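**Q** Take this structure, written in structure tokens, and hold onto it; I'll ask about it next.
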Amino acid sequence: MGDNIDDRQRRVLRVYVEPVEVELDEDGALLFSALQSAVPGASGLYFNGECKSSVKFDGKRLLPPADGWKDRKYFAALGCRSDFPFGSYANASKQFERSVNAVQRLFGKCTAFDYGGFGQEFLAKKVVSLSSPAKESENRSENMKQLMASLTQKQSSTPASTPPDDQRFTPLEQQFVDLARISTAKDTIIEQQRSDIKAANEKFELKAKELKQALDELSKSEKRCNAQEEELNVLRNLSKEQTYMCEKVNELTKRLLDADEIIAKQKAEINDILRRLTESETEREASAAKVAELTVEVEAAKGTIEDLESRIDKLKPLAEIREITDDEEVLSYVKMSESLASLRTKNEKLEGDMKEMEEKYSQLNQIYTEVVAENTKALIKRDAGDGGGDITIETRITPAGGNTSSADDILNWQKERETLRSELVASENKVAELTRMVHSLTKEATYSEHRASEAIATRNELKRSLDHMEAKIQVISDARILILDA
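Residue 426 in UniProt numbering sits at position 426 of the sequence shown; the count goes up by one each step and never skips.
In structure tokens, the structure reads:
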């Protein structure tokens, strides 16, 4: 019951139209056909700003406002047919053409009929115009209006007592009336077509402007394409140069590896030379130790001789007192004297040899010290970064002594002296050989140092070239990145 009462009392019903989303064209415009397909009967769009503003329509599309579509509420203006009467217009055009042909045929036969005042009036007013089509259409419409006015005046001037059949137009007049009506409608259609043509011309001018803008944009695009083509050529050249640089870097790297191998070989040779030098130094130390032992033995022999001389001096008075007459005793005494004299001679000779040997040894030691100092300097220069070592030479003299106070030791001294002499000669020869080896090692070390310095210079040059190539490659990479960003 309540619902029935509300329905009886309600006098207003609110009707809503559902919002519709319509897709825009690629250039941001809205096709009128798309709008009518979404909202049938729509004749345009408008939006509410400071006042009601309509959207511009060029005949096919709804163009966006000057500030763009933005986020507004747009409303559809209704009151239009959903389609255009193109079929009736085509039928009217065909009917008009048929009527014109019929009138022309009638005018061709006008000599056989008498049109009266109507025909004379109409034919008298027919003027051939050489003006523009617009003026011709205006004259034609005026003629049609005058024709309609004359027909209306003729119909009104007919007496009222005339029967209805007599008041009707003649068939020819009726055709002219129809023709006048069709002509008037045709003129209206032509005017509409002219307005359409004018709109089309305006649209054509707009399209021409858009085409000009598109051509300008195309020329700009061509220029951009040419610029990008030039950039591409530059990038290709840079790529070729980078490829060449990479090959050069690989070649330099290979040369650097070869130089490192050469340096490693030279280091191995230098280490071999140092090993040989160490061995020669060890042998020299052994020879020095042997010389020291010989020196100790000579000193011991001197002590023995002095002891024997003192004993002989002590025995002389005893022999004189005892008056040694025994031949064996005399012979033994003589032998002892001769052996003592020979021992003295041998001792002096040994002392001379010993002095000479000490002088040679001191000279050899001085030469060896100088050579070792030079080699040490060379090694320090070569291994400046590796913290070269110092070569120290230590000579230790191991004293040796014995209780040689007996006469047998004096007799064996000659053999020991010969042995010492041969050993001394062998030592001198060995020292000379060692000296030659030291000279050769010095030469080899100098040559190796020279080769090492050349190898280091080559390696530094290769490193500088590699750094230069890396810097150039970095510059090329930065230029490529800048070009790609541009």
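The C-beta atom is built at its ideal place from N, Cα and C for all residues, glycine as well.
Please read these numbers as outputs of a predicted model, since none were measured by experiment.
#1: Alpha carbon to alpha carbon, how far is residue 41 from residue 60? Give it in angstroms, no decimals.
#2: Report the residue from 241, 74, 304, 62 whose alpha carbon sits nearest the alpha carbon of residue 46.
#3: Assign residue 274 to one of three DSSP states: helix, strand, or coil.
#4: Does the beta-carbon distance from residue 196 to residue 99 come in below 8 Å?
#5: Okay, do the stretch 465-475 and the stretch 288-295 touch, 3+ Cβ pairs below 8 Å being the bar?
#6: Using DSSP bridges, identify the partner residues of residue 76.
#7: Looking at the strands, I want to know which residues DSSP matches up with residue 215.
#8: Given a cut-off of 8 Å on the beta-carbon distance, is the pair residue 77 and residue 44 in contact?
#9: Please report the distance separating the alpha-carbon of residue 265 from that of residue 271.
#10: Would you please state the rounded distance, in angstroms, between the beta carbons of residue 483 and residue 235? I believe it to be under 8 Å.
#11: Nearest-angstrom Cα distance between residue 24 and residue 181?
#12: Say whether the stretch 230-247 touches the stretch 448-468, bearing in mind that this needs 3 or more beta-carbon pairs closer than 8 Å, one atom from each stretch.
#13: Among residues of its own chain, excluding the 5 on either side of residue 128, which ones have a beta-carbon nearer than 7 Å to its beta-carbon?
#14: Between 428, 421, 9, which has its C-alpha nearest residue 297's C-alpha?
#15: Hey, could you find the ends of the beta strand (DSSP E) residue 52 is sitting in?
#16: In angstroms with no decimal places, state the Cα-to-Cα distance between residue 469 and residue 462.
#17: Since I believe residue 39 is in contact with residue 20 (beta carbons under 8 Å), could you give me their beta-carbon distance rounded to a whole number of angstroms?
#18: Grab the span of the alpha helix (DSSP H) containing residue 35 for me, first residue to last.
#19: If you count every other CB in all the chains shown that lies within 10 Å of the CB of residue 487, and 16 or more means buried, which is it?
#20: Assuming residue 22 and residue 35 make a contact with CB atoms under 8 Å, what is their CB distance in whole Å?
#21: So residue 268 packs on residue 459, CB below 8 Å; how close in whole Å?
#22: Can you look up residue 284 in the DSSP assignment and give me helix, strand or coil?
#23: Please check the pair residue 575 and residue 218, which I expect to be a contact at CB under 8 Å, by giving their CB distance rounded to whole angstroms.
#24: Using the three-state DSSP reduction, which class does residue 13 fall into: helix, strand or coil?
#25: With distances taken from CA atoms, which of 52, 62, 37 is nearest residue 26?
#26: What three-state label does DSSP hand residue 424 in the structure shown?
#27: Does residue 271 have its Cβ less than 8 Å from a Cβ in chain B?
#28: Whole angstroms are fine: how far does the CA of residue 31 sit from the CA of residue 58?
#29: Could you tell me whether the Cβ atoms of residue 455 and residue 263 are closer together than 8 Å?
#30: Pop quiz: residue 29 and residue 64 are said to be a contact at Cβ under 8 Å. What is the actual Cβ separation, rounded to whole angstroms?
#31: With DSSP as the reference, identify every bridge partner of residue 61, one or two as the case may be.
**A** Looking at the coordinates:
#1: In this structure, the CA atom of residue 60 is about 15 Å from the CA atom of residue 41.
#2: Among 241, 74, 304, 62, the Cα nearest to that of residue 46 is on 74.
#3: Looking at residue 274 - three-state DSSP - the assignment turns out to be helix.
#4: Not a contact, by the Cβ cut-off of 8 Å.
#5: Too few Cβ pairs lie closer than 8 Å, so no.
#6: According to DSSP, residue 76 bridges with 45.
#7: Looking at the DSSP assignment, residue 215 forms no beta bridge with any residue, so it has no partner.
#8: Yes. Within cutoff.
#9: Rounded to whole angstroms, residue 265 to residue 271 spans 10 Å at the Cα level.
#10: Confirmed, Cβ separation roughly 6 Å.
#11: Linking residue 24 to residue 181 through their CA atoms gives a straight-line distance of about 44 Å.
#12: With fewer than three CB-CB distances shorter than 8 Å, the stretch 230-247 does not count as touching the stretch 448-468.
#13: Here the model assigns residue 128 a pLDDT of 39, short of 50, so the residue's position is not dependable, and the following value carries that caveat. For residue 128, where only same-chain residues beyond five positions count, there are no Cβ hits under 7 Å.
#14: Cα-wise, what sits closest to residue 297 is 421.
#15: Its beta strand (DSSP E) spans residues 52-54.
#16: Taking the CA atoms as reference points, residue 469 sits about 10 Å from residue 462.
#17: Correct: roughly 6 Å between the Cβ atoms.
#18: Counting along the chain, the unbroken alpha helix (DSSP H) around residue 35 starts and ends at 32-38.
#19: Because the chain is modelled from 1 through 486, residue 487 falls outside the range shown and cannot be assessed.
#20: Yes, residue 22 and residue 35 are in contact; Cβ-Cβ is about 6 Å, under 8 Å.
#21: That belief does not hold up - the Cβ atoms of residue 268 and residue 459 are roughly 17 Å apart, past 8 Å.
#22: Helix.
#23: Coverage of the chain is limited to positions 1 through 486, which leaves residue 575 absent and any answer about it impossible.
#24: Coil at residue 13, not helix or strand.
#25: When each option's Cα is compared against that of residue 26, the closest is 62.
#26: Residue 424: helix per DSSP, three-state reduction.
#27: Checking the listed chains, one finds no chain B in this structure; it contains a single protein chain.
#28: A straight-line Cα-Cα distance of about 10 Å links residue 58 and residue 31.
#29: Yes, these two residues count as a Cβ contact at 8 Å.
#30: Right, the Cβ-Cβ distance comes to about 7 Å (below 8 Å), so this counts as a contact.
#31: In the DSSP output, where bridge partners are listed per residue, residue 61 has 31.
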